[in-house]
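Numbering (this note's numbering), first residue to last: 172 to 450.
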C-alpha cells in the first residue's frame, strides 16, 4: 500500500488533472490518492468567507471552467454547481465547513473524470475516517476515534481486489449524527492527512507530489547555493523543516517516523527528478 498526495500547486489546471492518471497507473491498485483543493482555491474560499454575503459565484465559475474543459455533460455540471450551493448555504456558520468546499468538490470532479476515462477507483470522504476535536480550521486528531473508524472501513478497502482509493486532504470530521461537523487540520494539512492515512494503513511509503524538486538546506530561490538533499533521516528532516524549510510540515514527518514509513518528496512536473527520501 502506498499513499500518493497531490497538492493544489500540482492540480492547478486541466492539463495537470489530465496528467494525473498516467502517474497513478505507474503504481498497482493498492494506492490511496490524497488531493488538495485545485489551485489556490482555499485562498479564494478564505477571502469569500471573510467578505460580506459570501458570494460563491467566483468559485462556481472556477469549477465550471474546469468541467467544461473536461467535457462534462450539462447534467454533471448542474450536479456539481448544486453541490457547491448546498455546501455554501448550509454551512455558513462554520469556516471549516466553508473551506471544505475546495477539497470536497475537487475530489468529486476528479472522481467524475476518472469514471469518464474508465479509471476504476473508490471515493472515500476523509471525514469518515479522520476524527478530530471540534476546533474548526485548526482541529487536532483524535487518534482513538480515528483508529476505530479505520477498523470499521478496513475490511472494505483492504480487500485483495480493492481499487485505488481517492480521498481528500486537509478535512476531517468531529461528532456524530446531529452533532457532526466538518473540521480542518490547519494550513498545509493535506500533507498531514497523507501521513495520517499512511500511519493507520501501515503504508509501505508516502509520496508527496509537489511543485519543487525536494528539500534544500535553504530556499533555492533566495540562495542559489543552497544544498539539495536526496536523502535525509527523520531527525534531520524534522530539524530542517522546523526551522527554515516549508516544503513539509514537521508533524507530517513525525507521524510517519512513528512507524518507520519512508516519506518521499517528488516533483509533479519532472518525474525524472529523484526527489528527497526521508527515512
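Glycine is no exception: its CB is placed at the ideal position from the N, C-alpha and C atoms.
Starting from residue 352, trace the beta strand (DSSP E) in both directions and tell me its first and last residue. 352-355
My assumption, with CB atoms under 8 Å, is that residue 178 sits in contact with residue 381. Please give the rounded CB distance. 6 Å
Thinking just about the alpha-carbon of each residue, which of 368, 347 and 357 is nearest to the one in residue 321? 368
Classify residue 417: buried if its beta carbon has 16 or more other beta carbons within 10 angstroms, exposed otherwise. exposed
Measuring only the C-alpha atoms, how far is residue 439 from residue 379? 9 Å
Given 8 Å as the limit, is there contact between the region 348-362 and the region 394-411, that is, 3 or more CB pairs closer than that? no
Counted within 10 angstroms of its Cβ, other Cβ atoms place residue 274 as buried (16 or more) or exposed: buried
Residue 341 to residue 248 span [Cα, whole Å]: 24 Å
Going by alpha carbons, who is nearest to residue 421 out of 400, 363, 385 and 450? 363
Contact defined as beta carbons within less than 8 Å: I believe residue 310 pairs with residue 304. What is the distance between those atoms, to the nearest angstrom? 6 Å
Proximity to residue 213 [Cα-Cα], best of 191, 245 and 272: 272
Run through the region 348-395 for me and flag every whole alpha helix (DSSP H) of 4 or more residues, listed as ranges in chain order. 360-371
Whole-angstrom Cβ separation of residue 230 and residue 219, contact assumed at under 8 Å? 7 Å
State buried or exposed for residue 385, treating a residue as buried only when at least 16 other CB atoms are found within 10 Å of its CB. buried
Can you check whether the CB of residue 344 is closer than 8 Å to the CB of residue 336? no
Output yes or no for whether 8 Å exceeds the beta carbon distance between residue 255 and residue 276. yes
Beta-bridge pairing of residue 309 - partner residues as DSSP gives them: 356
Between residue 279 and the ligand COA, is there a pair consisting of the residue's CB and a ligand heavy atom that are separated by less than 7 Å? As for the ligand COA, it is missing from this structure, which has no ligand bound.
Per DSSP, residue 345 is paired with what? 352
With 16 other CB atoms within 10 Å as the buried threshold, where does residue 448 fall? buried
In the structure shown, what three-state DSSP assignment does residue 402 receive? strand
DSSP beta-bridge partners for residue 448? 402 and 435
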